[in-house]
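Colleague: Quick note: to get the working numbering, add 1137 to the position in the sequence shown (first position is 1).
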Amino acid sequence: MPIDYTIDAQSRLALIVGSGRLTDAEIVECASRFRSDPNLTPDMKTLTDLRSITVDFSRSGILEVISLMEKTQDQRSGARAAIVVDSEVSFGMSRVWEMRVHGQVDTRVRVFRDMTEAHKWLELNPLPP
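Printed below as a string of structure tokens:
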């Protein structure tokens, strides 16, 4: 699967990792499973690693995930989500996501090019590998 997640309840961290070609359908499917996972808590931090993807998703896919986030935002009130990317295209699409989410849902989203900076912003201690 090009994108999947794990939840570490003890460290209160959700890790989403994408690899290969990533489509709208795959992003929406993963987001749907993630947002409905009973182990996901409102204050859990999310680290999304998209450094190994090839972008094949669109603005409409992003908007569909944001709509899902709006419908389930009571499950994530006040959460922080960091997205780490390494390409210009991924950075641009992720920034669209960040800007569209701002003010629409109660999850704070930031995009980073550096994993260490994302860890710092999420205040992860100790830092995961």
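The beta carbon of each residue, even a glycine, is placed where N, CA and C say it ideally should be. All of these numbers come straight from a predicted model, not from anything done at the bench.
#1: Let's see if you can read the secondary structure: which residues bound the alpha helix (DSSP H) around Asp1193?
#2: From Asp1180 to Val1248, what does the alpha carbon distance come to, in whole angstroms?
#3: On a Cα-Cα basis, can you pick out the residue from Asp1161, Ala1255, Gly1155 and Pro1175 that is closest to Ala1146?
#4: Relative to the C-alpha of Cys1167, which candidate in Thr1178, Asp1141 and Arg1188 has its C-alpha closest?
#5: Looking only at its chain, what residues have a beta carbon closer than 8 Å to the beta carbon of Val1238, apart from the 5 residues adjacent to it on each side?
#6: Looking only at its own chain, which residues have a Cβ that is under 8 Å from the Cβ of Ala1151, when we skip the five neighbours before and after it?
#7: Residues in its own chain within less than 6 Å of Val1226 by CB, not counting five upstream and five downstream?
#8: Kindly list the residues whose CB is nearer than 6 Å to the CB of Arg1217, restricted to its own chain and excluding five residues on each side of it in sequence; keep chain order.
#9: By the 10 Å Cβ neighbour count, where 16 or more other Cβ atoms means buried, how is Ser1195 classified, buried or exposed?
Modeller: According to the data block:
#1: Position 56 of the sequence shown holds residue 1193. Where Asp1193 is concerned, there is no enclosing alpha helix (DSSP H), although the beta strand (DSSP E) it sits in stretches over Lys1182 to Asp1193.
#2: Counted from its first residue, the sequence shown places residue 1180 at position 43. Counted from its first residue, the sequence shown places residue 1248 at position 111. Spanning the two alpha carbons is a distance of roughly 19 Å.
#3: The sequence position of residue 1146 within the sequence shown is 9, counting from 1. For the residues Asp1161, Ala1255, Gly1155 and Pro1175, the minimum Cα distance to Ala1146 belongs to Pro1175.
#4: Working through the sequence shown from its first residue, we reach residue 1167 at position 30. Here the closest residue by C-alpha is Asp1141.
#5: Numbered from 1 along the sequence shown, position 101 holds the residue referred to as residue 1238. So the qualifying residues of the chain are Ile1203, Met1206, Thr1244 and Val1246.
#6: For the purposes of this step, residue 1151 is taken as the residue at position 14 of the sequence shown. Here the set comprises Tyr1142, Thr1143, Ile1144, Asp1145, Phe1171, Leu1177, Met1181, Lys1182, Thr1183 and Leu1184.
#7: In the sequence shown, counting from the first residue as 1, residue 1226 sits at position 89. Within the same chain, and ignoring the five residues on either side of Val1226 in sequence, the residues whose Cβ sits closer than 6 Å to its Cβ are Val1192.
#8: Residue 1217 sits at position 80 when you count from the first residue of the sequence shown. Around Arg1217: Lys1182, Arg1245 and Leu1259.
#9: If you number the sequence shown from 1, residue 1195 lands on position 58. Exposed, by the Cβ-count rule.
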